[in-house]
Amino acid sequence: MKNAVVTGIGVLLPAIDSLEALWNSQLTDCAQPRRLANGLYGSEIVPSAINGRLSPRLSNKLDAFTRYALVATESALGDAGLVLDEIDRTRCGVFVGNSFGGWQFTETQLRNLHCEGPRAVSPFQATSWFPAAPQGQITILHGIKGHSKTYMADRASSLLSVAAGARQIQLGQLDVAIAGGTESTNTQFVRLALASLAARDGDRGPEAFRIAEGAVFLVLEEQGRALSRGARIYAKIGRSAMFNAPCDGDRYSDDPELMKSVMRKACAEDIPDVIMPDACGLIDPDRAERQALHDTFKRVPTVVPKARTGHTFGAEGALDIAFACLMLDRGRTLPRCPVATSFDACPGTDLPGQGVVPKRILVNARATGGAACSLMLHGAE
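Pasting the structure below:
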């Protein structure tokens, strides 16, 4: 079995478009969440943030979530120093996590259809909306021809996509994988759907279930290949696991045994130095996760950096992995976020992580319908 390592990270989030900005966002005072629509709070990417990053001709054909993915992918490739002309593109794949698809583009076209008729609908509607659009556009733009896949699993989508890309490298099927996730929540339809979820289960207010949007992508490489070209290695991808405890399709599982099982499978004999919980921001699921953490890892600190940014859904798992990579690379654990969440309000272990030099970090993620997954990351050897 080969090793898959992270050699590049690209991020595009509200007011964040670099790794330094991402790291520094955790070291400064939290900005107050802005009230959006339907009782939701959070943040969004202003269109000017990606001005000049894509050609107008291409950009006009794409939904925002695909634009975000293309920009973050370019940043990840640049960070990795990877020249695609120097690799076998049949052994490079693209793995994308997404939850909602392209509703920003679709809302406009549906409005055109009902107000003006079918001739007012863009011919790019079909290719811009579907969740695999970013995967297709990345492969077309860069001429990538290896095994590729898109995962739709709510907030676990991009943890699964990164695990899948790493698995293909570990099995020797690929040399390089571009893996991550992307999401656009700045649409009336998506916000209306999320409002009912955020209002459930005793949500503790505007800071408990923030929403955001953006894209996070990683460059994964076979370890020997990365070392041979002198690449910087942020982290090594370890074991991953996914289990399911079925529940209503629009709810998260509140079964502690589910989280215990998936964490134990991902960790095997290793004990993490830091855990990044799913921390969804809803009382019952968070209470279950805190109980699982207390029963399984009584003395391991937890950090929830995404509490500052908000839930990015399809990009969320990749964002947590990016934070974990930076902590492993810099030998520092990020401070606990001062934002009050329902995860913090639940009983369980609450150890400070500052001062811990992490060598192993466990990342958790969950999806509506009862899915839960965990991924272990190891520091570069």
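Take the sequence shown: its letters are residues 1 to 381, numbered as in full-length UniProt numbering. Cβ atoms here follow ideal geometry from the backbone N, Cα and C, with glycine treated the same way.
Locate the beta strand (DSSP E) running through residue 151, then write down its first and last residues. Translated into positions along the sequence shown, residue 151 becomes position 151. Counting along the chain, the beta strand (DSSP E) containing residue 151 begins and ends at 149 to 151.
Could you round the C-beta distance between residue 129 and residue 105 to whole angstroms and report it? I think they count as a contact, below 8 Å. In the sequence shown, the residue the question calls residue 129 occupies position 129. In the sequence shown, the residue the question calls residue 105 occupies position 105. Correct: roughly 6 Å between the Cβ atoms.
Collapsed DSSP secondary structure at residue 252 in the structure displayed: Along the sequence shown, read from residue 1 onward, the residue named residue 252 stands at position 252. Of the three classes helix, strand and coil, the one that applies to residue 252 here is coil, per DSSP.
Just the Cα atoms here: how many angstroms apart are residue 376 and residue 71? On the sequence shown, residue 376 is found 376 positions in, with the first residue counted as 1. On the sequence shown, residue 71 is found 71 positions in, with the first residue counted as 1. For residue 376 and residue 71, the distance between alpha carbons rounds to 27 Å.
Could you tell me the alpha carbon to alpha carbon distance between residue 267 and residue 91, rounded to whole angstroms? Counting from 1 along the sequence shown, the entry for residue 267 is found at position 267. Counting from 1 along the sequence shown, the entry for residue 91 is found at position 91. Looking at the two C-alpha atoms, the distance is approximately 29 Å.
Residue 315 - DSSP class collapsed to helix/strand/coil: To locate residue 315, count along the sequence shown from 1; it is residue 315. It is helical.
Are the beta-carbon atoms belonging to residue 172 and residue 2 less than 8 Å from one another? Here residue 172 is taken as the residue at index 172 of the sequence shown, counted from 1. Here residue 2 is taken as the residue at index 2 of the sequence shown, counted from 1. It is a contact, given that the beta carbons lie within the stated cut-off.
Within the continuous alpha helix (DSSP H) that includes residue 357, where are the two ends? As a first step, residue 357 is located in the sequence shown; it is residue number 357 there, counting from the start. Where residue 357 is concerned, there is no enclosing alpha helix (DSSP H), given that its DSSP letter is neither H nor E.
By how many angstroms is the C-alpha of residue 16 removed from the C-alpha of residue 372? The residue you call residue 372 lines up with position 372 of the sequence shown. The residue you call residue 16 lines up with position 16 of the sequence shown. Spanning the two alpha carbons is a distance of roughly 28 Å.
Please tell me whether residue 244 and residue 97 are closer than 8 Å, where the distance is taken between their beta carbons. If you number the sequence shown from 1, residue 244 lands on position 244. If you number the sequence shown from 1, residue 97 lands on position 97. No, they are not a contact pair.
Three or more C-beta pairs closer than 8 Å, one from the stretch 181 to 193 and one from the stretch 113 to 131: is that the case here? no
When we look at the beta-carbon of residue 288 and count the other beta-carbons within 10 Å, is it buried (16 or more) or exposed? Within the sequence shown, the letter at position 288 stands for residue 288. Counting Cβ neighbours within 10 Å, residue 288 comes out buried, since at least 16 surround it.
Range of the contiguous alpha helix (DSSP H) that encloses residue 66: In the sequence shown, residue 66 corresponds to position 66, counting from 1. That run of the alpha helix (DSSP H) goes 64 to 80.
By the three-class DSSP mapping on this structure, what secondary structure does residue 366 have? Walking along the sequence shown from the start, residue 366 turns up at place 366. DSSP places residue 366 in strand when its eight states are reduced to three.
Chain-order list of residues whose beta-carbon lies under 8 Å from that of residue 101 (same chain, five-residue window excluded): By one-based count along the sequence shown, residue 101 stands at place 101. Counting only Cβ-Cβ distances below 8 Å, and skipping sequence neighbours, we find 63, 65, 129, 130, 131 and 133.
Can you find a CB in chain B that lies within less than 8 Å of the CB of residue 44? Although the question refers to chain B, the structure presented lacks it and comprises just one protein chain.
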